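Contents: one structure, followed by commentary.
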Amino acid sequence: MTAIYSIFGRISETIEKLAAIHRLLPWILAFALLLPLPQILSALFNDYYIYLANKICIFILLSVGLNIVKGFCGQVTVGHVGLYAIGAVSSALISLHFGWSFWLAFPIGILAAGLAGIVVGLPSVRLEGAYLALATLGLGESVRIMIAVTPLFGSSTGLLSIPAPTIGSFTFDSYTNYYYLVLAAAMIGIYLSFSILRSATGRAFMAVREDTVAAAVHGVNVTKYKLLAFVISALYAGAAGGLFAHMPPGYIHHNNFTIIEMVTLLLMIVLGGIGHIWGGIIGAIIVTIIYDQTLEFYFYQPLLFGLTMVLIVIFMPRGIGGMIDRYLATKKFIASQEEKSNAAS
Amino acid sequence: MPLLETVDLSKSFGGLRAISNLNINIEAGSIHGLIGPNGSGKSTFFNLVTGVYQPDPGSKIIFNGHDITKSASHDIGALGIARTFQLLRLFSEMTVLQNLMVGYHTHVPYGFMSTIFNNSAVVKKDAETKSEMMELLELIGMADYADMPASELSGGQRRLVALGRAMAMRPKLLMLDEPAAGLSPVNVDNLLSIVMALKQRFGLTVLIVEHILKVVMETCDTVTVLDYGEKIGEGSPDAVKDDHAVIEAYLGQEMDDDEVRKAFNS
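So, in structure tokens, the structure goes:
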């Protein structure tokens, strides 16, 4: 166990060293390292895993966004999947009906989700905890039902042949090609989440989560930051939705946006670490792979995931990220105290 | 001109008048004590001044020339009123340093947009803030615990962090709600010396609610005594000490002078 911890410790040290040279260096290096992943996957396993890599990138965007509002700002939202749906459907509709390119439809989808995020966030001004969860659950589900009953939004057949994005003559029409797009999006998303969460904004989010009265007294505009968290997470969800809609084969259906997806998403951040900056990323990778590899036990998945979530909340409340953090912090504290006592003697 | 002035401050919860027509002036640079039995309205007074509760119509709170009667908590904090809470309300899952950096929130020199578009400046500013907060932690003797989650500290250390978080706001007026509650005598003295040092260094005005009368009597310039939301006495600690209305309200019965002296000095 300690071996795993120290590996993480070494990785984070290396990242810090690289960032000291130039703060974008670790990101560019990580991007370059992950770029040949489809080729590696198809050589080692088979092409199916390239699809899985695409899915992981999209879920990273979703769970990183959810972690901002739920993990950092502490607002219990179960409507995130509805925002994901809004991003997917608006981007798909714009490119299907107006024939606009992905590069226009995608940002509009993100903006639409962001606006919807304000609506989902408004109850948080008055409601907390389980009550807020109920309100957002209603909003999220109503989006899905709206899609399911409106022929324009695809209703029961779904939206078909949503065009793939293109740059010049390069078309993102295969999982390998599309991977470059979602990887870039996921990296940008992660980078921005780090920038936001490591600034005063991130600290204000956490203060709101910990204690709204104390946060307000110390100068944090609680309403503003709650809404900001909702909007940022909605923008992430919108981006994930847009990328999902245009992913080959360009098909979305309201079944992609059910409450089961929402539970899976929650499991991602609970497992990865609620309120941990890496939480959404670790969780999205692990849960997407497990979800996919256990698809043959489809009927037992909700039970399995629900149980896992309960066990994690009881035995590992801060998730994998929290455990690693705690270990490293304790080690650092012990080392500094030892150093002090050595200096004294 | 007083730094904080309340005019006919009132607050009712349903039929209960928690504070009625309270006029308090807190002079700049002074240490002002607020005492009274439980339920006399001390904490309500704190909550009214810091915008946690809205006062009843007709009340007026003026701080440093600004009418803050209807201001929101975060605006009042930005004007320069910092407070601690009786139950501390630390951000317990955050580290000690992060707690202080939230206290610094109103002085953060960048907005949300620059975290995205000008992140290198943000990182630089945060590093500066961090070293400033470490100095403050050094002052209150908590620098060793900077990276510890606040929830893992002892009671006395948590009280110091709450004080540090309030001081990170660079306030003009520091309001302490029972800062010494639950502390051993040694820790009380330590805390008081820290408060006095901070007051000297930053030119603070301090309003202190405390049940340990020794603290109030030793440190305060002026003491206001509340009972049932009304002011029943005000003046220097010595004057208040001899006020029999105060003694009756606070200590429960009429006592002779020797007994009073004993009560105040224990």
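Same order as they appear, the protein sequences are chains A and B.
Just so we're aligned: the first sequence equals residues 1 to 345 in this note's numbering.
Just so we're aligned: the second sequence equals residues 1001 to 1266 in this note's numbering.
No residue lacks a Cβ here, since even glycine has one placed at the ideal position from N, Cα and C.
Being a predicted model, the structure only gives us computed values, none of them experimental.
Which chain A residues are close to residue i, counting only those with a beta carbon under 8 Å from its beta carbon?
i	result
His1105/B	Ala200, Arg203, Ala204, Ala207, His218, Gly219 and Val220
Gln1098/B	Arg203 and Met206
Val1049/B	Those do not exist, as Val1049/B stays about 10 Å from chain A at its closest Cβ, beyond 8 Å.
Met1148/B	Ala329 and Phe333
Arg1165/B	His218
Val1108/B	Ala200
Asp1126/B	Arg198, Ser199 and Ala200
Please state whether the Cβ-Cβ distance between residue i and residue j is less than 8 Å.
i	j	result
Met316/A	Met309/A	no
Gly1235/B	Thr1222/B	yes
Gly242/A	Gly129/A	no
Ile58/A	Ala240/A	yes
Arg144/A	Thr258/A	yes
Val1108/B	Ala200/A	yes
Tyr178/A	Met268/A	no
Met206/A	Val81/A	no
Tyr300/A	Leu61/A	no
Phe230/A	Gly121/A	yes
Gly65/A	Ile232/A	yes
Phe72/A	Leu197/A	yes
Val1049/B	Ser1073/B	no
Thr1044/B	Ser1059/B	no
Lys1130/B	Leu1153/B	no
Glu210/A	Met1113/B	no
Gly219/A	Thr1106/B	yes
Ser124/A	Leu132/A	yes
Asn1277/B	Gly1080/B	No information on residue 1277/B is available, as it lies outside the stretch 1001 to 1266 that chain B covers here.
Ile1026/B	Leu1004/B	yes
Gly996/B	Ala1166/B	Because chain B spans 1001 through 1266 in this model, residue 996/B falls outside it and cannot be assessed.
Leu181/A	Pro165/A	yes
Ala343/A	Ile56/A	no
Gly273/A	Gly321/A	yes
Gly1229/B	Ala1018/B	yes
Leu1088/B	Ala1162/B	yes
Ser195/A	Thr1115/B	yes
Thr150/A	Gly79/A	no
Leu83/A	Ala185/A	no
Answer with buried or exposed for residue i, where buried requires no fewer than 16 other C-beta atoms within 10 angstroms of its C-beta.
i	result
Arg1159/B	buried
Val313/A	exposed
Gly1041/B	buried
Lys340/A	exposed
Trp103/A	exposed
Glu1178/B	buried
Leu295/A	exposed
Phe98/A	exposed
His22/A	exposed
Val1186/B	exposed
Tyr1145/B	buried
Asp1227/B	buried
Pro302/A	exposed
Asp325/A	buried
Lys332/A	exposed
Closer than 7 Å by beta-carbon distance: list the chain B residues that pair up with residue i, in chain order.
i	result
Glu210/A	Phe1091, Ser1092, Glu1093 and Met1094
Between which residues of its own chain and residue i is the CB-CB distance below 7 Å, once the five residues before and five after are set aside?
i	result
Ala92/A	Leu159, Ile162, Ala245 and Ile252
Met1148/B	Thr1095 and Val1096
Arg1170/B	His1107
Go through its chain and collect everything with a Cβ distance to residue i's Cβ below 8 Å, but skip five positions before and after it.
i	result
Leu1192/B	Ala1180, Val1215, Glu1218 and Thr1219
Against residue i, what residues of chain B qualify as contacts under a CB-to-CB distance less than 9 Å, listed in chain order?
i	result
Gly275/A	Glu1093
Glu23/A	It should be pointed out that residue 23/A corresponds to Arg in this sequence rather than to Glu. Result: Asn1119, Ser1120 and Val1123.
I want to verify the contact list: residues of chain B whose CB lies under 8 Å from the CB of residue i, in sequence order.
i	result
Ala214/A	Phe1085, Arg1089, Leu1090 and Phe1091
Ser195/A	Thr1115, Ile1116, Asn1119 and Val1122
Ile228/A	According to the sequence displayed, residue 228/A carries Leu and not Ile. Within chain B, the residues near Leu228/A are Phe1112.
Once you ignore the five residues that flank residue i on each side, which residues in its own chain have a CB closer than 6 Å to its CB?
i	result
Ala19/A	Pro26
Ile1208/B	Gly1033 and Leu1176
Phe31/A	Met187
Trp100/A	Ile94
Thr171/A	Ala164
List, in order along the chain, the chain A residues whose C-beta lies closer than 9 Å to that of residue i?
i	result
His1074/B	Ala215, Ala216, Val217, His218, Gly219, Val220, Asn221, Val222 and Lys224
Met995/B	This structure does not reach residue 995/B, given that chain B is present from 1001 up to 1266, and the question cannot be answered.
Does any residue of chain C bring its CB to less than 8 Å from the CB of residue i?
i	result
Leu192/A	Among the chains of the structure shown, chain C does not appear; the protein chains present are A and B.
Using a threshold of 7 Å, is the CB atom of residue i nearer than that to any non-hydrogen atom of the ligand FMN?
i	result
Phe59/A	For the structure depicted, the ligand FMN is absent and the ligand set is empty, with no information on it obtainable.
Run through chain A and tell me which residues come within less than 7 Å of residue i, C-beta to C-beta.
i	result
Ala1078/B	Gly219
Val1209/B	Those within 7 Å of Val1209/B in chain A number zero; the least Cβ separation is about 15 Å.
Met1169/B	His218 and Gly219
(request) Run through the segment 2-44 of chain A for me and flag every whole beta strand (DSSP E) of 3 or more residues, listed as ranges in chain order. (result) none
(message) So within the segment 264-297 of chain A, which uninterrupted alpha helix (DSSP H) runs reach at least 4 residues, ignoring any that extend past its ends?
(response) 279-293
(request) Write down every uninterrupted run of the alpha helix (DSSP H) in the segment 1078-1149 of chain B whose length is 4 residues or greater and which is fully enclosed by it, in chain order. (result) 1096-1103, 1112-1117 and 1119-1140
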